[in-house]
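Asker:
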Amino acid sequence: MIAGRWRDRCVAAVALTVIWTLLWGGVTPITVVGGLLIAVVVLTVFPLPPVTYAGRVHPLGVLRFAARFAVDMVVASVQVALLAFRFGATVRSAVIAVRLRVPSDLGLTLTAEALSLVPGSLIVEVDRSQGILYVHVLGVSTLEEVEHFRGSVLALERRIVDAFGSPAERSACSSFSPGGPA
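Everything in the sequence shown is counted per the numbering used here, starting at 9 for the first residue and increasing by one.
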């Protein structure tokens, strides 16, 4: 447990040092040492809670997720553009609650981030204890459209779990019966 925590802190320190070096625009000994010192100070003064990650990266799942995410971005951009240039009609929107099948912190965060990056949807609130995302969505006016959006969020979660989830999360994601929160 202690060794894992130190490993995580070392990885975070190296990542912060790389970011520092990139921000300075050049690799010099002073930049690297300065970045490392600042990383150590930041990690000491602002300790991060441990993030549990029992899964592993599945390259084929990552490719599926990335390809579908790119398609979703293009389709959503076109849909939002059409809504923006529609004359005379009021754009309908809704806040939709979606209970995720695998409410791990990492899965919740990745799903929320991916949803927020897609035009036309924005995370309004996250109920971490229940694993529920509240999403503001443009262009939704019927119950069928709400259920379709809920299904698309669960499909997105499935692709994220297939890319980064543990075997237990992958089986939980496939054995869960869909349904919205009460």
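Beta carbons: idealized from backbone N, C-alpha and C, even for Gly.
Can you check which of these residues, Ala-180, Trp-14 and Asp-170, is closest to Gly-69 by C-alpha distance?
Answerer: As a working note, residue 69 is residue 61 in the sequence shown. Nearest of Ala-180, Trp-14 and Asp-170 to Gly-69, Cα basis: Asp-170.
Asker: Taking its Cβ as the centre, do 16 or more other Cβ atoms sit within 10 Å of Asp-113, making it buried, or is it exposed?
Answerer: Sequence index remark: in the sequence shown, residue 113 carries index 105 (1-based). So Asp-113 ends up on the exposed side.
Asker: Between the alpha carbons of Thr-25 and Leu-44, how many angstroms are there, rounded?
Answerer: Start at 1 with the first residue of the sequence shown, and residue 25 comes out as number 17. Start at 1 with the first residue of the sequence shown, and residue 44 comes out as number 36. Answer to the nearest angstrom: the Cα atoms are 5 Å apart.
Asker: Sorted by chain position, which residues of the same chain lie with C-beta nearer than 7 Å to Arg-166's C-beta, five sequence neighbours on each side aside?
Answerer: Numbered from 1 along the sequence shown, position 158 holds the residue referred to as residue 166. Once the five neighbours on either side are set aside, the close Cβ partners of Arg-166 are Cys-181.
Asker: In the DSSP assignment, find the unbroken alpha helix (DSSP H) run with Ser-160 in it and report its ends.
Answerer: One-based indexing of the sequence shown puts residue 160 at position 152. From DSSP, the alpha helix (DSSP H) with Ser-160 extends over 151 to 172.
Asker: DSSP has Pro-38 in a bridge; who is on the other side?
Answerer: Translated into the one-based positions of the sequence shown, residue 38 becomes position 30. Checking the sequence shown, residue 38 turns out to be Ile, not Pro. Answer is none; Ile-38 lacks a bridge partner.
Asker: Tell me where the alpha helix (DSSP H) around Val-88 begins and ends.
Answerer: Counted from its first residue, the sequence shown places residue 88 at position 80. Per DSSP, Val-88 belongs to the alpha helix (DSSP H) from 67 to 92.
Asker: Could you check the C-alpha separation between Ile-27 and Thr-150 for me, to the nearest Å?
Answerer: Counting from 1 along the sequence shown, the entry for residue 27 is found at position 19. Counting from 1 along the sequence shown, the entry for residue 150 is found at position 142. Distance between the alpha carbons of Ile-27 and Thr-150 is about 45 Å.
Asker: By DSSP, does Leu-22 sit in helix, in strand, or in coil?
Answerer: Taking the sequence shown and counting its residues from 1, the one referred to as residue 22 is at position 14. The sequence given here has Val at residue 22, not Leu. If DSSP states are grouped into helix, strand and coil, Val-22 belongs with the helices.
Asker: Measuring straight from C-alpha to C-alpha, what distance separates Leu-130 and Ala-122?
Answerer: Counted from its first residue, the sequence shown places residue 130 at position 122. Counted from its first residue, the sequence shown places residue 122 at position 114. Each residue's alpha carbon lies about 10 Å from the other.
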